[in-house]
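Encoded as structure tokens, the structure appears first; notes follow it.
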Amino acid sequence: MAAVIRDLQKHYVLKSETVRALRGVSFAVPQGDYVAIMGPSGSGKSTLLNLLGCLDRPTEGSFMLGDDDVAAMSDDELSAIRASRIGFVFQSYNLIPQLSVVENIEVPLYYMGNLNSKSKQRSIALAAMVGLGDRLGHRPTQLSGGQQQRVAIARSLVNDPYFILADEATGNLDSVTTEEILALFQRLNDEGRTIIMVTHEDEVAEHAKRVIRLRDGEIQVDEPIKGRKVFTAEQIEEISQNANSSSD
Amino acid sequence: MLLLRTWKLGIRSLLLHPMRSSLTVLGILIGVTSVIWLLAISEGISKEFQRQIEDLGAENIIVRSIKPPDEGGGNFRRVNAFGVSRAEYRMINDTISTVDRVLPIRELTQKFANMGNSKVKPINGRLVGCTSEYAEVTRLVVNRGHFLTTQEVETGATVCVIAATLAQKLFPGEDPIEKEIYLPENQDYYEIVGVLEPRNSTAAIGGSLASQDFSLDVYIPVTTMRIRLSDEVTKRSGGTFSRQRFELSQITVQVKNVDDVPQTAKLVEATLRVRDPDRQDFAVVVPYELLEQAKTTRMMFMMFMCLIAAISLVVGGIGIMNIMLATVTERTREIGVRRALGAKRSDITQQFLVETITLSVVGGLTGILLGLLGPWTFVLARDGVERFAPNLYSVIPEVGRVMSPEIVPASIPVSFFISVVVGVTFGLYPAMRAAQMDPIEALRHE
Numbered sequence: 000m001a002a003v004i005r006d007l008q009k010h011y012v013l014k015s016e017t018v019r020a021l022r023g024v025s026f027a028v029p030q031g032d033y034v035a036i037m038g039p040s041g042s043g044k045s046t047l048l049n050l051l052g053c054l055d056r057p058t059e060g061s062f063m064l065g066d067d068d069v070a071a072m073s074d075d076e077l078s079a080i081r082a083s084r085i086g087f088v089f090q091s092y093n094l095i096p097q098l099s100v101v102e103n104i105e106v107p108l109y110y111m112g113n114l115n116s117k118s119k120q121r122s123i124a125l126a127a128m129v130g131l132g133d134r135l136g137h138r139p140t141q142l143s144g145g146q147q148q149r150v151a152i153a154r155s156l157v158n159d160p161y162f163i164l165a166d167e168a169t170g171n172l173d174s175v176t177t178e179e180i181l182a183l184f185q186r187l188n189d190e191g192r193t194i195i196m197v198t199h200e201d202e203v204a205e206h207a208k209r210v211i212r213l214r215d216g217e218i219q220v221d222e223p224i225k226g227r228k229v230f231t232a233e234q235i236e237e238i239s240q241n242a243n244s245s246s247d
Numbered sequence: 000m001l002l003l004r005t006w007k008l009g010i011r012s013l014l015l016h017p018m019r020s021s022l023t024v025l026g027i028l029i030g031v032t033s034v035i036w037l038l039a040i041s042e043g044i045s046k047e048f049q050r051q052i053e054d055l056g057a058e059n060i061i062v063r064s065i066k067p068p069d070e071g072g073g074n075f076r077r078v079n080a081f082g083v084s085r086a087e088y089r090m091i092n093d094t095i096s097t098v099d100r101v102l103p104i105r106e107l108t109q110k111f112a113n114m115g116n117s118k119v120k121p122i123n124g125r126l127v128g129c130t131s132e133y134a135e136v137t138r139l140v141v142n143r144g145h146f147l148t149t150q151e152v153e154t155g156a157t158v159c160v161i162a163a164t165l166a167q168k169l170f171p172g173e174d175p176i177e178k179e180i181y182l183p184e185n186q187d188y189y190e191i192v193g194v195l196e197p198r199n200s201t202a203a204i205g206g207s208l209a210s211q212d213f214s215l216d217v218y219i220p221v222t223t224m225r226i227r228l229s230d231e232v233t234k235r236s237g238g239t240f241s242r243q244r245f246e247l248s249q250i251t252v253q254v255k256n257v258d259d260v261p262q263t264a265k266l267v268e269a270t271l272r273v274r275d276p277d278r279q280d281f282a283v284v285v286p287y288e289l290l291e292q293a294k295t296t297r298m299m300f301m302m303f304m305c306l307i308a309a310i311s312l313v314v315g316g317i318g319i320m321n322i323m324l325a326t327v328t329e330r331t332r333e334i335g336v337r338r339a340l341g342a343k344r345s346d347i348t349q350q351f352l353v354e355t356i357t358l359s360v361v362g363g364l365t366g367i368l369l370g371l372l373g374p375w376t377f378v379l380a381r382d383g384v385e386r387f388a389p390n391l392y393s394v395i396p397e398v399g400r401v402m403s404p405e406i407v408p409a410s411i412p413v414s415f416f417i418s419v420v421v422g423v424t425f426g427l428y429p430a431m432r433a434a435q436m437d438p439i440e441a442l443r444h445e
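As structure tokens, then:
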């Protein structure tokens with residue numbers, strides 16, 4: 000299992016009233032799963048994302064990440080967990096402007112304290128894998144949105160995470176680039192990577208294997224996706240070819 | 000390795016806003032430069048003061064005659080003598096055991112002319128009657144010829160030694176040795192036996208000892224002065240004329256051991272007051288005491304300068320804090336991203352501290368470089384003022400014109416250290432604020 004959450008609750012105290020953002024959510028994500036988390040605003044989607052990303056601690060319940068319950072960890076321990084076990088992909092890419100492509104990919108290793116002579120080769124290999132092998136020294140501002148998101152995906156893979164946590168990863172991209180990123184996700188998933196993505200677009204969610212719908216802080220639906228959209232091997236090849244040539 | 004990367008990243012982040020970073024550096028730079036400059040200038044001034052006092056001689060006690068205020072309705076038949084007398088000079092010389100040498104000195108303002116060349120305009124100077132030891136005690140150095148000898152003083156010879164500036168003005172393009180100087184007011188001649196090296200003036204001390212300018216002096220034996228010019232001086236100006244009577248202008252007492260100076264000074268004063276405890280016609284000046292006093296003044300002056308410099312450094316530090324707070328706000332998103340990617344709070348603190356330390360160290364180092372140019376710049380500026388604004392230049396106090404700033408070696412490491420401390424102190428708060436941010440909020444920040 001990549002992640003198991005049990006009876007997760009999160010309450011916020013605002014002035015005098017308590018907002019119960021999550022009211023007991025339980026599910027397990029096995030290794031190699033591809034989950035889409037959906038739900039309208041106010042459903043507790045963001046709260047769940049923050050908890051899965053170890054950016055926040057639940058009020059009640061447990062979150063097993065491997066053999067460790069991260070629900071009770073200190074701030075510094077959570078930082079270490081984020082650095083070593085979680086791969087973040089954000090909607091607005093969130094690359095660090097003063098760093099080059101390779102250096103951006105290396106950042107989680109730096110905070111793990113694992114930066115060594117091999118890590119640079121690893122970062123370069125990942126950049127090549129997402130099709131940016133010829134832009135290693137570029138700054139984020141010199142890249143298009145799709146390229147930046149691919150750097151972010153390479154960055155999320157550098158620490159060999161338990162799962163990739165993608166927060167509206169295609170929200171800022173046009174349909175062509177969206178496809179490009181989704182094809183990349185599928186390729187990674189086919190290679191055995193676990194992906195959890197939060198989205199509100201059905202077309203995007205259709206590419207996952209399983210969907211969890213939240214409503215009012217509770218799970219409404221947790222089911223495999225019927226009629227999942229799958230890119231064929233040729234399509235993936237073609238899309239990545241196009242992406243690489245269009246970025247030149 | 001990790002550390003090096005942090006520094007490289009810090010420098011790169013700073014270079015992202017070169018204008019902002021250099022303005023911040025400027026604050027510290029000015030602070031450090033002003034520390035070094037102000038200390039160098041205060042050191043220069045106090046050294047100059049000290050030199051002037053030391054020229055009076057730390058082992059000397061100076062007794063000056065003071066002309067009492069005119070008693071209304073002058074008496075023309077008889078003028079009372081004032082000041083210290085030759086008898087008192089002998090008394091000090093004979094009775095006080097701690098005394099090494101005692102010098103009788105009489106000074107008069109006179110007009111001097113070149114005997115052999117009447118085309119040279121006569122100039123006003125100072126005629127000093129003294130003994131052969133005067134040169135050594137007053138630290139006068141002979142350039143050519145010799146100073147008055149004991150024999151010349153004993154025999155009352157009509158010889159003189161003249162100061163460098165006077166020699167230049169009165170004998171342009173001539174060798175003054177063996178020429179004669181003419182005193183038109185007394186119709187008197189003196190043969191020049193020596194010319195002195197130029198000498199800086201001494202400090203003016205309170206009201207009792209005016210700054211002594213040695214540049215237009217003519218020295219003759221005090222014995223000769225007594226014979227050829229009487230103790231009485233008559234000055235004519237406009238329609239009135241005034242008369243003065245005094246035997247000596249000054250007695251310089253040189254003490255064998257510097258430690259005995261304060262005690263001997265009391266003894267000298269007591270000796271002079273034996274007959275009239277309330278007499279007001281002399282003053283005892285003790286350069287040794289002034290030297291001690293000058294040391295405390297110097298300390299206070301330095302502390303004052305340090306205070307000013309410290310204020311400018313604090314202002315620089317506040318500049319750093321201001322900029323860093325703005326930077327932290329601006330980079331909230333980056334902080335959130337770094338936290339999400341696994342940065343601990345301490346990593347964030349470290350990152351921002353590295354940046355402020357870089358700013359303050361760069362400011363400190365360039366400040367030191369500029370600081371080292373301080374004395375050179377000061378002299379250049381002073382020369383500039385002298386050339387282009389002579390009016391302004393003449394207003395500058397004498398000390399300012401003569402002194403040269405002197406870098407205090409300790410000021411360099413101290414100011415550097417302070418600049419780093421300022422960087423850390425004022426950088427700590429913004430850095431901590433950055434670290435305390437909630438990563439979720441920070442990520443959401445636009």
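Chain order of the listed sequences is A and B.
Per numbering that gives the first Met the number 0, residue 0 is the first one in the first sequence, and the count goes up by one each step.
Per numbering that gives the first Met the number 0, residue 0 is the first one in the second sequence, and the count goes up by one each step.
By construction, the Cβ of each residue, glycine as well, lies at the ideal position given by its N, Cα and C atoms.
Selection A:Val203, A:Leu94, A:Glu217 and A:Ile235 evaluated against A:Val34 yields A:Val203 as nearest (Cα-Cα). Remark: C-beta atoms of B:Val283 and B:Glu268 approach each other more closely than 8 Å.
Listed along chain A are Asn49, Leu54 and Asp55, each with a C-beta nearer than 8 Å to that of B:Ile439.
B:Val361 has a beta carbon lying at 8 Å or more from every beta carbon in chain A. For B:Asp346, the residues of chain A that pass the 7 Å Cβ criterion are Tyr110, in the order they occur in the chain. Any Cβ of chain B closer than 8 Å to the Cβ of A:Ala207 would place that residue at the interface, and such an atom is absent.
Each residue's CA atom was taken as its position, placing A:Gly191 and A:Thr17 some 41 Å apart. Among the residues of chain A, none has a CB under 7 Å from the CB of B:Leu352; the nearest is roughly 17 Å distant. Contact of B:Leu340 with chain A is assigned, a C-beta pair being separated by under 8 Å. DSSP places B:Ile104 within a strand segment (E or B) once states are collapsed to three. Assignment of beta-bridge partners to A:Arg209 by DSSP yields A:Val34 and A:Pro223. In its chain, beyond the 5 residues on either side, Gly316, Ile319 and Met320 have a beta carbon closer than 6 Å to the beta carbon of B:Phe425. B:Arg338 and A:Ser78 have their C-alpha atoms spaced approximately 7 Å apart. Annotation: B:Phe281 to B:Ser64 spans about 4 Å, alpha carbon to alpha carbon. For a Cβ distance threshold of 8 Å, residue set Pro96 and Gln97 of chain A lies close to B:Leu15, ordered along the chain. Closer than 8 Å to the CB of A:Asp67 there is not a single CB belonging to chain B.
In this chain, the alpha helix (DSSP H) harbouring A:Glu105 covers Val100 to Met111. Counting C-beta atoms within 10 angstroms of its own C-beta, B:Trp36 has 16 or more neighbours from the protein chains shown and is therefore classed as buried. If you look at B:Asn142, you'll find it in the beta strand (DSSP E) that goes Val141 to Gly144. DSSP places A:Leu172 outside any beta strand (DSSP E), giving it a letter other than H or E. Classified as exposed, B:Phe416 has fewer than 16 neighbouring CB atoms from the shown chains inside 10 Å of its CB. With the rule of 3 Cβ pairs closer than 8 Å, the segment 323 to 333 of chain B does not count as touching the segment 34 to 53 of chain A.
For A:Val69, there is no enclosing alpha helix (DSSP H), as DSSP gives it neither H nor E. Bounds of any alpha helix (DSSP H) do not take in B:Thr97, whose DSSP letter is neither H nor E. B:Pro429 counts as buried, since at least 16 other C-beta atoms from the protein chains shown sit within 10 angstroms of its C-beta. Counting C-beta atoms within 10 angstroms of its own C-beta, B:Pro396 has fewer than 16 neighbours from the protein chains shown and is therefore classed as exposed. Taking 8 Å as the upper bound for CB-CB distance, A:Ile211 and A:Phe26 are in contact here, some 6 Å apart. Contact between the segment 282 to 299 of chain B and the segment 104 to 124 of chain B is absent: fewer than 3 CB-CB pairs across the two stretches fall below 8 Å.
In the three-state scheme derived from DSSP, where H, G and I count as helix and E and B as strand, A:Lys117 is classed as helix. Ranked by Cα distance from B:Val140, the first of B:Asp93, B:Thr94, B:Arg125 and B:Pro197 is B:Pro197. Chain A has a Cβ within less than 8 Å of the Cβ of B:Arg11. Interface flag for B:Arg4 against chain A is set, since a Cβ pair is found closer than 8 Å. For B:Cys159, the pairing in a beta bridge is given by DSSP as B:Ile191.
According to the DSSP assignment, B:Arg297 belongs to the alpha helix (DSSP H) that extends over Pro286 to Glu329.
Neighbourhood of A:Ala82 in chain B, by CB distance below 7 Å: Leu340 and Gly341, in chain order.
The residue among B:Pro17, B:Met18, B:Gly30 and B:Leu15 with its C-alpha nearest the C-alpha of B:Gly370 is B:Gly30.
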